[in-house]
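Participant: Keeping their order, the protein sequence lines are chains A and B. With the first letter of the first sequence counted as 1, position 17 gets the number -3 in the numbering used here; the numbers rise by one all the way through. With the first letter of the second sequence counted as 1, position 38 gets the number 40 in the numbering used here; the numbers rise by one all the way through. Mind looking over this structure? Questions follow.
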Amino acid sequence: MITLMTNLGITLLVIAGVLLLIVFWYIGTMNQLRQLELKVNEAESGIDVALTKRFDMLTKMLETTKGYAKHESETLEKVVKWRSGIPQNATLKDKEEFLGQMNQVASGIDVVVEKYPDLKANTVFLELQAAVANTEEHLQAARRLYNANVTRINHVIVTFPQSIVANAIHMEKKPYFEAEEKKRQDVEFKF
Amino acid sequence: MQEKMDLFNNLKKKSELFVALGGLVFAIGIVLFLALQSTTGDSNNVIPFLVMGAGAIVGAVGGGTFAKLKSRFKTEVLTAFFEENLPGIQYHPFSGLMELDVYQTEFLKRADRFHSEDLLQGQLEEVDFASSDVRLEERHVQHTKNGTRVYYVPYFVGRVFMFTFNKPFEGHLQVLESGSPLSGRNFKKVELESIDFNKKFRTFSTNELSAFYVLTPDIMEAINELEKRNPGRIGLSFTGKNLYIAINNNRDTFEIQLFRRIDKQMMDGFKRDLMVIKDFIHTLKLNTKVFQTPDK
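Shown next, in the form of structure tokens:
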């Protein structure tokens, strides 16, 4: 009788131990997913910051070109739908579209510079040109960082057995920021 | 140049002769000692030790002469040779980067014994640079029954380069083939999107976004290429406005050697070692002006 109870006790302990391990694993995986999700969100705000900086620089460039080409500048200003930057509830798709619009503006400015070469002698314009190039690099970096974090979290979400936890907490695969910088020479502008 | 090479080859012969002769006489002394010991059992005979001593002295004279010749070669030949290949460069054979500059890499451990030489500095395509051979040694203490023995072990023998870096960014970044950052900064390991790059190098940064900003796909590819072209352990540190590169290749660059003729092949080797500076500047696009800060 005692032996039976001891055996039962051991069995129960083992079962409890396994269950505890599973619970710890579940909690650990859930925390891992949440932390990765935080990193993705942080990286997405990095994209927002970079987009906003680029938008500000392009706006300043447009202001500078107004003195030389008022009509063209006003035309380009209308390309961008958000005049005061990215709204807070913008989706990733919206941001991709916004980036595409800014690329069009940047291409348009290139066309204006070719039409009005005096702009190249304007010191302020040249500084802004360097600043815009810098913001483009920052945007690329932010995009790459975001996509690297998305790859990491998606890898965990789709891999068994972590996928069980992901499904349980309703975590879905994150989208990539896929907007490709259009080559400037591909965009035609007729003013 | 050929005349100078011939001159130094002739001067080298004397040193080589002394060293060879000294070695031979020393070897004779050893043989004599062993022979006497095995035949007469007498290990206190002075003659073998005198012979060995004479050999050592002759060898030392040869070595001393050669050391002076090496210095003379650097001053009389290499200085002009470097100026011819990279106009405007300054070569100081007996100076090197200061200890403080070397530790600015923040991945090279402070040494108990520091030595640097063959300083090259100047400006190339508007990029300021400086480089030198660096030797770092750490002190070891061995306690034996006969007492304490102190000796030094080198852990870095190679070249350290310093360039101005034209891309302003926040934080600090290191790309290392081995080891970790040695500083109090909050470095975190960064995984970039290139699997090959992550396998070959360990990237640490205080700002993850800056790591992606500086290490574009082109630059990662460039670093891979530089690593292949420069045997040894390479480390890069982007800190402030400077880029530090250290190559631990166990080589003492720009040295002539005993029993090796000074010829075009050797001079080409020196030229290759010199042009590493230009290679770094071009491959890593340090001469690009796009991102230069407004005060430049």
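All C-beta atoms in this analysis are idealised placements derived from N, C-alpha and C, irrespective of residue type, glycine included. Just so it is clear, the structure is predicted and the values come from calculations on it, not from any experiment.
Are the C-beta atoms of Lys163(A) and some chain B residue less than 8 Å apart?
Facilitator: Reliability fails at Lys163(A), whose pLDDT of 40 lies under 50, so the model's placement of it is uncertain and the value that follows must be treated cautiously. No, Lys163(A) lies away from the interface with chain B (no Cβ there is under 8 Å from its Cβ).
Participant: Buried or exposed: where does Ser64(A) fall if 16 or more other Cβ atoms within 10 Å of its Cβ makes it buried?
Facilitator: Exposed is the call here.
Participant: Can you tell me whether Ile221(B) is helix, strand or coil according to DSSP?
Facilitator: Correct three-state label for Ile221(B): helix.
Participant: Rounded to the nearest angstrom, what separates Lys50(A) and Leu276(B) at their Cα positions?
Facilitator: Roughly 53 Å between the two C-alpha positions.
Participant: Using a 10 Å radius around the Cβ and a threshold of 16 neighbouring Cβ atoms, would you call Glu172(B) buried or exposed?
Facilitator: Per the 10 Å Cβ criterion, exposed.
Participant: Below 8 Å on the Cβ atoms is my guess for Val33(B) versus Gly61(B); work out the distance and round it to an integer in Å.
Facilitator: With 8 Å as the limit, Val33(B) and Gly61(B) do not qualify as a contact, their Cβ atoms being about 16 Å apart.
Participant: List the endpoints of the continuous alpha helix (DSSP H) containing Leu276(B).
Facilitator: First-last of the alpha helix (DSSP H) with Leu276(B): 266 to 285.
Participant: Are any of the Cβ atoms in chain A nearer than 8 Å to that of Leu175(B)?
Facilitator: No, Leu175(B) does not count as interfacial toward chain A.
Participant: Between the segment 205 to 220 of chain B and the segment 176 to 190 of chain B, do at least 3 Cβ pairs fall closer than 8 Å?
Facilitator: Short answer: they touch.
Participant: In chain B, which residues lie less than 7 Å from His118(A) when you measure between Cβ atoms?
Facilitator: Ordered by position in chain B, the residues that pass the 7 Å Cβ test against His118(A) are Tyr215.
Participant: Taking the alpha helix (DSSP H) that Ala128(A) belongs to, which residues open and close that run?
Facilitator: That run of the alpha helix (DSSP H) goes 103 to 138.
Participant: Curious, which full-length beta strand (DSSP E) runs of at least 3 residues does the segment 193 to 252 of chain B contain?
Facilitator: Counting only runs of 3 or more, we get 204 to 207, 235 to 241, 244 to 250.
Participant: Using a Cβ cut-off of 8 Å, pull out every chain A residue sitting near Glu195(B), in sequence order please.
Facilitator: In chain order: Arg124, Asn127, Ala128, Thr131.
Participant: Starting from the beta carbon of Leu211(B), find every residue of chain A whose beta carbon is closer than 7 Å, and list them in chain order.
Facilitator: In chain order: Gly26, Ala121, Ala122, Leu125.
Participant: Could you pull the start and end residues of the beta strand (DSSP E) that Ala132(B) belongs to?
Facilitator: Note, Ala132(B): beta strand (DSSP E), 129 to 146.
Participant: Would you mind reading off the limits of the alpha helix (DSSP H) that contains Tyr96(A)?
Facilitator: Run containing Tyr96(A): none; DSSP gives neither H nor E here.
Participant: Which of helix, strand or coil does DSSP assign to Val159(B)?
Facilitator: Val159(B) falls in the strand class under three-state DSSP.
Participant: On the CB-based measure, 16 or more other CB atoms within 10 Å of its CB, does Asp1(B) come out buried or exposed?
Facilitator: Outside the displayed span of chain B (3 to 298) sits residue 1(B), for which this structure offers no information.
Participant: DSSP state of Thr45(A), grouped into three classes?
Facilitator: It is helical.
Participant: Is the beta carbon of Phe214(B) sitting closer than 8 Å to the one on Leu245(B)?
Facilitator: Result no, Cβ atoms of Phe214(B) and Leu245(B) do not sit closer than 8 Å.
Participant: Can you check whether the C-beta of Leu(-1)(A) is within less than 8 Å of a C-beta belonging to chain B?
Facilitator: No - not a single Cβ of chain B is within 8 Å of the one on Leu(-1)(A).
Participant: Return the CA-CA distance between Gln259(B) and Ser118(B), expressed in angstroms with no decimal places.
Facilitator: Going by the C-alpha atoms only, they are around 19 Å apart.
Participant: How about Pro155(A): is its C-beta nearer than 8 Å to some C-beta of chain B?
Facilitator: It does not: the Cβ of Pro155(A) has no partner Cβ on chain B nearer than 8 Å.
Participant: Our contact map puts Ala122(A) next to Gly26(A) with C-beta atoms below 8 Å; I'd like the distance itself, whole angstroms only.
Facilitator: About 4 Å; that satisfies the 8 Å criterion.
Participant: Quick check: Thr77(B) and Ser17(B), are their CB atoms within less than 8 Å of each other?
Facilitator: No. Outside cutoff.
Participant: For a test of the three-state rule: what should DSSP assign to Val152(B), helix, strand or coil?
Facilitator: Correct three-state label for Val152(B): strand.
Participant: Using a Cβ-Cβ cut-off of 7 Å (strictly less than) and excluding sequence neighbours within five positions of Glu101(B), which residues of its own chain qualify?
Facilitator: Closer than 7 Å at Cβ, skipping near neighbours: Phe116.
Participant: Report back the beta-carbon spacing between Gln142(A) and Thr9(A) to the nearest angstrom; my notes put them in contact at under 8 Å.
Facilitator: Between Thr9(A) and Gln142(A) the Cβ distance is about 5 Å, and since that is below 8 Å, they are a contact.
Participant: Near Lys6(B), which residues of its chain fall below 6 Å by C-beta distance, leaving aside the five closest residues on each side in sequence?
Facilitator: The answer, listed in chain order, is Val79.
Participant: Work out the CA separation of Ile249(B) and Leu1(A) for me, nearest whole Å.
Facilitator: Answer to the nearest angstrom: the Cα atoms are 47 Å apart.
Participant: Does the pairing of the segment 74 to 93 of chain A with the segment 149 to 160 of chain A give three or more beta-carbon distances under 8 Å?
Facilitator: With the cut-off at 8 Å, the segment 74 to 93 of chain A and the segment 149 to 160 of chain A touch.
Participant: Could you name the residues that DSSP lists as bridge partners for Met7(B)?
Facilitator: Partner(s): none; Met7(B) has no beta bridge.
Participant: Spatial neighbours of Gly25(B) within its chain, please: CB distance less than 8 Å, with the 5 preceding and 5 following residues excluded, ordered by chain position.
Facilitator: Taken in chain order, the residues that qualify are Gly57, Gly61.
Participant: Arg151(B): buried (16+ other C-beta within 10 angstroms of its C-beta) or exposed?
Facilitator: Exposed, by the Cβ-count rule.
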